[in-house]
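Structure, as structure tokens:
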Amino acid sequence: MQFIDLQAQRRRIEPQINAAVQSVIESGRYVLGPEVGELEKQLAAWCGAKHAVSCANGTDALALALMAWALKPGDAVFCPSFTFVATAQVVPWLGATPVFVDIHADTYNMDPASLEAQIARVKAEGKLKPKVVIAVDLFGQPADYPAIKAICDREGMKLISDTAQGYGCTLNGRHPSDWADIATTSFFPAKPLGCYGDGGAIVTNDSALAELIESLRVYGKVTPTDAAQRNFHHDPKYLSLRVGMNSRLDTIQAAILLEKLKIFADEIEKREAVARRYTQALEGKVRRVPKVIAGGQSVWAQYVIEHENRDGLQAHLTAKGIPSMVYYPVPIHQQDFAARFAPAEGTLPVTETASRHVLALPMHPYLGVEDQDRVIEAVLGFNG
Numbered sequence: 033m034q035f036i037d038l039q040a041q042r043r044r045i046e047p048q049i050n051a052a053v054q055s056v057i058e059s060g061r062y063v064l065g066p067e068v069g070e071l072e073k074q075l076a077a078w079c080g081a082k083h084a085v086s087c088a089n090g091t092d093a094l095a096l097a098l099m100a101w102a103l104k105p106g107d108a109v110f111c112p113s114f115t116f117v118a119t120a121q122v123v124p125w126l127g128a129t130p131v132f133v134d135i136h137a138d139t140y141n142m143d144p145a146s147l148e149a150q151i152a153r154v155k156a157e158g159k160l161k162p163k164v165v166i167a168v169d170l171f172g173q174p175a176d177y178p179a180i181k182a183i184c185d186r187e188g189m190k191l192i193s194d195t196a197q198g199y200g201c202t203l204n205g206r207h208p209s210d211w212a213d214i215a216t217t218s219f220f221p222a223k224p225l226g227c228y229g230d231g232g233a234i235v236t237n238d239s240a241l242a243e244l245i246e247s248l249r250v251y252g253k254v255t256p257t258d259a260a261q262r263n264f265h266h267d268p269k270y271l272s273l274r275v276g277m278n279s280r281l282d283t284i285q286a287a288i289l290l291e292k293l294k295i296f297a298d299e300i301e302k303r304e305a306v307a308r309r310y311t312q313a314l315e316g317k318v319r320r321v322p323k324v325i326a327g328g329q330s331v332w333a334q335y336v337i338e339h340e341n342r343d344g345l346q347a348h349l350t351a352k353g354i355p356s357m358v359y360y361p362v363p364i365h366q367q368d369f370a371a372r373f374a375p376a377e378g379t380l381p382v383t384e385t386a387s388r389h390v391l392a393l394p395m396h397p398y399l400g401v402e403d404q405d406r407v408i409e410a411v412l413g414f415n416g
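For what it's worth, our numbering labels the leading residue of the sequence shown as 33, then goes sequentially.
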């Protein structure tokens, strides 16, 4: 049994993937080839957004967003501590300060009440200026964007949806990019929409912002607007007007993602069916099963339960040949690199409690009923 079976998906669309990759190889347009532009169009269309700009990975997507807003020392960026470290690590890149926010016990996503409290604390201390909120669509489900967006609007702050695990999720039929100034995602292979290496993208409805980010991903090259103003008619990459980076999505990865997008909606439905079956069998039998926000559709990047004896249960599953994973055993604010940003002890009680109890079970669109039953029976059979 695989925790995430990438080969099952590959077998489903192997001829299409192979043909797409071969086409790129034969074209010789390995960087920013036509498949990249087509993927960007389709990614934006999927969300009903105006623009998508691809990049090298999901971490760069976050960094490009902060660079576009010229974050600097003294600026505060509010983000959850219960997520992968990339969400917070990009903030010090620009000299800004991450401020950690607690989560909802049910959804593991940012708690708007905690966000308000942390903003008030920062403003009262007067050392940092609240500038950006990064809400994470953890494990595949949307954060509470109506509430978070209202706070950002009131405080004059920008909002990023870090949907690295949640591209394709919706809330009341709307995608995170409907609320966020920028939505970022990752195409790491294990994501619900993953490529065969690293990749990422930014989705936004702000045309000027999209143009700026497209410049920043290629060394700050001139944009079409810049070129028109300066009467520059050469290759744009040979005139840099701003400090950027080299963060381009490989054409081969774009070609692979175009094929995967064709089956993405079907795979979300299949993931939902697995999650529903797990929940029906395990609810009331473990400390907690996943709860999706009202009106939300998760893409089920992970199916995470809680157990009072998490480590014992994981050892029990391993002995039975069932893989599992702990996301995340050490919250960001308790990690060494974040020590200088860490809040007072006990400030994030829900985060710290979750880190001691969460366990992710096998989850992918091709997890058969027989394997689901093996997982369920093993969990229910644990007496520790």
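We put the CB at the ideal spot given by N, CA and C, even for glycine. Keep in mind that this is a model prediction, so the values were computed, not measured.
DSSP places Ser55 within a helical segment (H, G or I) once states are collapsed to three. Taking one beta carbon from each stretch, the stretch 131-140 and the stretch 307-316 have fewer than 3 pairs nearer than 8 Å; the two do not touch. Shown here, Pro112 sits in a strand according to DSSP, grouped into three states.
Boundaries of the beta strand (DSSP E) around Cys87: His83 to Cys87. Distance between Val235 and Ile166, taken at the CA atoms: about 14 Å.
One thing to note: Ser330 has its Cβ no nearer than 8 Å to the Cβ of Ala233.
Classified as buried, Asp213 has 16 or more neighbouring CB atoms from the shown chains inside 10 Å of its CB. The beta-bridge partner set that DSSP reports for Tyr335 consists of Leu393. With 16 or more other Cβ atoms inside 10 Å of its own Cβ, Asn141 counts as buried. In the structure shown, Leu203 falls within a strand segment according to DSSP collapsed to helix, strand and coil.
The Cβ atoms of Ser247 and Gly276 sit closer than 8 Å to each other. The Cβ atoms of Gln74 and Leu290 lie closer than 8 Å to each other. In this structure, Phe35 sits away from Pro322, with a CB-CB distance that is not shorter than 8 Å. Under the three-state reduction of DSSP, Met189 is assigned to coil, being neither helix nor strand. Here Lys223 is buried: its Cβ has 16 or more other Cβ atoms, across all protein chains shown, within 10 Å.
A straight-line Cα-Cα distance of about 32 Å links Leu225 and Pro381.
Cα atoms of Leu314 and Tyr62: separation of roughly 47 Å, rounded to the nearest angstrom. Thr257 sits exposed, since fewer than 16 C-beta atoms from the chains shown fall within 10 Å of its C-beta. Residue environment for Gln39: exposed (fewer than 16 other C-beta atoms within 10 angstroms of its C-beta).
By the C-beta density criterion, Thr350 is exposed, having fewer than 16 other C-beta atoms within 10 angstroms.
By the beta-carbon neighbour count (other beta carbons within 10 angstroms, threshold 16), Arg342 is buried. By the criterion of a C-beta distance shorter than 7 Å, Tyr228 is surrounded in its chain by Pro221, Gln285 and Ile288, once the five residues flanking it on both sides are discounted.
Under the 10 Å beta carbon count, Ala410 is surrounded by 16 or more other beta carbons and is classified as buried.
Around the CB of Ala102, fewer than 16 other CB atoms lie within 10 Å, so the residue is classed as exposed. Here DSSP, grouped into helix, strand and coil, assigns Arg262 to helix.
DSSP links Met357 through a beta bridge to Ala392.
Proximity of the stretch 200-219 to the stretch 92-102 meets the contact definition, three or more beta-carbon pairs being nearer than 8 Å. Ranked by Cα distance from His339, the first of Ala108, Glu384, Ile300 and Arg388 is Arg388.
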